[in-house]
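Numbering (this note's numbering), first residue to last: 38 to 218.
Structure follows, in C-alpha coordinates:
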(Lines of atoms letter the chains of each structure in order from A and count residues from 1; the text may use other names and numbers.)
(Lines give C-alpha, C1' and ligand atoms only; values in the text may rest on other atoms or scores of the structure.)
Protein backbone atom coordinates (compact mmCIF):
# COMPACT_ATOMS: atom_id res chain seq x y z
CA UNK A 1 0.00 0.00 0.00
CA UNK A 2 1.25 3.48 -0.84
CA UNK A 3 2.22 5.85 1.94
CA UNK A 4 -0.62 8.08 3.14
CA UNK A 5 -0.46 11.78 2.29
CA UNK A 6 -0.57 13.94 5.44
CA UNK A 7 -3.19 16.68 5.25
CA UNK A 8 -2.42 20.06 6.76
CA UNK A 9 -4.73 21.18 9.55
CA UNK A 10 -6.57 23.54 7.21
CA UNK A 11 -6.94 20.87 4.51
CA UNK A 12 -8.15 18.41 7.15
CA UNK A 13 -10.95 20.79 8.20
CA UNK A 14 -11.97 21.24 4.55
CA UNK A 15 -11.96 17.44 4.10
CA UNK A 16 -14.14 16.98 7.20
CA UNK A 17 -16.77 19.35 5.79
CA UNK A 18 -17.64 16.66 3.25
CA UNK A 19 -16.20 13.33 4.40
CA UNK A 20 -16.06 11.19 7.51
CA UNK A 21 -12.59 10.95 9.06
CA UNK A 22 -12.58 7.18 8.41
CA UNK A 23 -12.85 7.81 4.65
CA UNK A 24 -9.46 9.55 4.52
CA UNK A 25 -7.42 6.35 4.67
CA UNK A 26 -9.36 4.83 1.78
CA UNK A 27 -8.54 7.93 -0.26
CA UNK A 28 -4.83 7.72 0.61
CA UNK A 29 -4.97 10.61 3.09
CA UNK A 30 -3.97 10.97 6.73
CA UNK A 31 -5.90 13.35 8.97
CA UNK A 32 -3.54 14.23 11.81
CA UNK A 33 -6.01 13.84 14.68
CA UNK A 34 -4.62 14.62 18.10
CA UNK A 35 -6.45 11.64 19.65
CA UNK A 36 -4.46 9.30 17.38
CA UNK A 37 -1.10 10.82 18.40
CA UNK A 38 -1.45 11.21 22.18
CA UNK A 39 1.93 11.36 23.89
CA UNK A 40 3.79 11.35 20.58
CA UNK A 41 6.14 13.99 19.24
CA UNK A 42 5.18 14.75 15.65
CA UNK A 43 6.54 17.14 13.04
CA UNK A 44 3.15 18.11 11.61
CA UNK A 45 0.18 20.15 12.74
CA UNK A 46 -2.39 18.21 14.73
CA UNK A 47 -6.15 18.67 14.49
CA UNK A 48 -7.80 18.63 17.93
CA UNK A 49 -10.79 16.26 17.98
CA UNK A 50 -12.94 16.77 21.04
CA UNK A 51 -16.39 15.35 21.89
CA UNK A 52 -19.23 17.84 21.57
CA UNK A 53 -23.03 17.92 21.71
CA UNK A 54 -25.69 19.67 19.62
CA UNK A 55 -28.95 21.00 21.07
CA UNK A 56 -31.57 22.73 18.92
CA UNK A 57 -34.79 24.32 20.15
CA UNK A 58 -37.34 26.09 17.94
CA UNK A 59 -38.42 29.23 19.76
CA UNK A 60 -40.67 30.65 17.02
CA UNK A 61 -41.96 28.77 13.96
CA UNK A 62 -42.78 31.77 11.73
CA UNK A 63 -40.66 33.61 11.03
CA UNK A 64 -38.32 30.89 12.12
CA UNK A 65 -36.23 31.51 15.22
CA UNK A 66 -34.15 28.87 16.94
CA UNK A 67 -31.61 28.37 19.66
CA UNK A 68 -28.62 26.31 18.50
CA UNK A 69 -26.05 25.25 21.07
CA UNK A 70 -22.85 23.30 20.49
CA UNK A 71 -21.42 22.32 23.86
CA UNK A 72 -17.83 21.08 24.20
CA UNK A 73 -17.61 20.31 27.93
CA UNK A 74 -14.07 18.90 27.83
CA UNK A 75 -12.81 22.34 26.73
CA UNK A 76 -15.39 24.45 28.59
CA UNK A 77 -16.67 25.85 25.28
CA UNK A 78 -20.26 26.62 24.31
CA UNK A 79 -21.20 27.99 20.88
CA UNK A 80 -24.65 29.62 20.86
CA UNK A 81 -27.06 31.12 18.32
CA UNK A 82 -30.36 32.64 19.45
CA UNK A 83 -32.94 34.04 17.07
CA UNK A 84 -33.70 34.38 13.35
CA UNK A 85 -31.76 33.41 10.22
CA UNK A 86 -30.79 35.26 7.04
CA UNK A 87 -32.00 32.73 4.48
CA UNK A 88 -35.22 33.55 2.59
CA UNK A 89 -38.38 33.12 4.67
CA UNK A 90 -40.13 31.37 1.77
CA UNK A 91 -37.58 28.55 1.93
CA UNK A 92 -36.86 27.97 5.60
CA UNK A 93 -34.94 24.82 6.39
CA UNK A 94 -35.66 24.47 10.08
CA UNK A 95 -33.52 22.33 12.28
CA UNK A 96 -35.44 19.64 14.05
CA UNK A 97 -35.31 20.05 17.78
CA UNK A 98 -32.80 17.75 19.46
CA UNK A 99 -31.03 17.57 22.80
CA UNK A 100 -27.36 16.73 23.32
CA UNK A 101 -26.79 14.82 20.06
CA UNK A 102 -23.17 13.61 20.28
CA UNK A 103 -20.51 14.53 17.77
CA UNK A 104 -16.94 15.77 17.46
CA UNK A 105 -15.46 19.27 17.30
CA UNK A 106 -12.37 19.45 15.08
CA UNK A 107 -10.08 22.45 15.55
CA UNK A 108 -6.91 23.45 13.77
CA UNK A 109 -4.41 25.23 15.99
CA UNK A 110 -5.96 27.23 18.81
CA UNK A 111 -9.60 26.94 19.81
CA UNK A 112 -11.69 29.89 18.57
CA UNK A 113 -11.60 32.82 21.01
CA UNK A 114 -14.75 33.96 22.85
CA UNK A 115 -16.90 36.32 20.80
CA UNK A 116 -18.69 36.27 17.50
CA UNK A 117 -17.95 33.66 14.82
CA UNK A 118 -19.78 33.10 11.59
CA UNK A 119 -21.19 29.65 10.99
CA UNK A 120 -22.61 27.53 8.21
CA UNK A 121 -24.73 24.49 9.02
CA UNK A 122 -25.55 21.72 6.58
CA UNK A 123 -27.41 18.43 6.83
CA UNK A 124 -26.37 15.36 4.91
CA UNK A 125 -29.24 12.84 4.82
CA UNK A 126 -28.86 9.08 4.98
CA UNK A 127 -28.06 7.66 1.57
CA UNK A 128 -29.54 4.37 0.32
CA UNK A 129 -27.26 1.48 -0.58
CA UNK A 130 -26.72 0.89 -4.29
CA UNK A 131 -27.99 -2.24 -5.99
CA UNK A 132 -29.08 -5.28 -4.02
CA UNK A 133 -26.54 -4.81 -1.23
CA UNK A 134 -27.89 -5.11 2.30
CA UNK A 135 -31.39 -5.39 3.68
CA UNK A 136 -34.27 -3.41 2.16
CA UNK A 137 -34.30 0.29 3.11
CA UNK A 138 -30.78 0.01 4.55
CA UNK A 139 -28.57 3.05 4.35
CA UNK A 140 -24.90 3.16 3.55
CA UNK A 141 -24.07 6.38 5.35
CA UNK A 142 -25.77 7.66 8.49
CA UNK A 143 -27.22 11.13 8.29
CA UNK A 144 -25.06 13.82 9.81
CA UNK A 145 -24.88 17.52 10.53
CA UNK A 146 -21.77 19.53 9.75
CA UNK A 147 -21.28 23.02 11.17
CA UNK A 148 -18.23 25.05 10.26
CA UNK A 149 -17.23 28.06 12.34
CA UNK A 150 -15.25 30.85 10.72
CA UNK A 151 -13.90 34.31 11.28
CA UNK A 152 -12.93 36.91 8.68
CA UNK A 153 -9.79 35.01 7.74
CA UNK A 154 -10.46 31.26 7.83
CA UNK A 155 -12.47 28.29 9.00
CA UNK A 156 -11.62 27.92 12.67
CA UNK A 157 -13.45 24.70 13.54
CA UNK A 158 -15.76 22.00 12.20
CA UNK A 159 -18.28 20.06 14.29
CA UNK A 160 -19.80 16.82 13.00
CA UNK A 161 -22.91 15.31 14.56
CA UNK A 162 -23.60 11.78 13.34
CA UNK A 163 -26.79 9.78 12.87
CA UNK A 164 -29.13 12.72 12.75
CA UNK A 165 -32.05 12.50 10.38
CA UNK A 166 -33.14 15.74 8.71
CA UNK A 167 -31.72 18.16 11.20
CA UNK A 168 -30.12 20.95 9.22
CA UNK A 169 -30.44 21.90 5.57
CA UNK A 170 -29.11 24.98 3.89
CA UNK A 171 -26.63 27.40 5.33
CA UNK A 172 -26.66 30.40 7.59
CA UNK A 173 -24.20 33.21 8.15
CA UNK A 174 -25.62 34.66 11.37
CA UNK A 175 -22.96 35.05 14.06
CA UNK A 176 -22.68 32.24 16.56
CA UNK A 177 -21.23 33.39 19.86
CA UNK A 178 -18.61 31.40 21.71
CA UNK A 179 -18.85 31.73 25.45
CA UNK A 180 -16.52 30.08 27.92
CA UNK A 181 -18.00 28.42 30.99
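Built from N, CA and C at the ideal position, the CB exists for glycine as well.
Where residue 94 is concerned, the enclosing beta strand (DSSP E) starts and stops at 84-98. Nearest in C-alpha terms to residue 105, of all of 98, 111, 120, is 120. Of 91, 114, 65, the smallest CA-CA separation from residue 151 is found for 114. Here residue 133 carries a coil assignment [DSSP, helix/strand/coil]. For residue 117, the secondary structure class from DSSP, reduced to helix, strand or coil, is strand. In this structure, residue 90 lies away from residue 157, with their beta-carbon atoms at least 9 Å apart. At the C-beta level, residue 50 and residue 79 stay beyond 9 Å of one another. If you compare the alpha carbons of 144, 159, 64 with that of residue 194, the shortest gap goes to 144.
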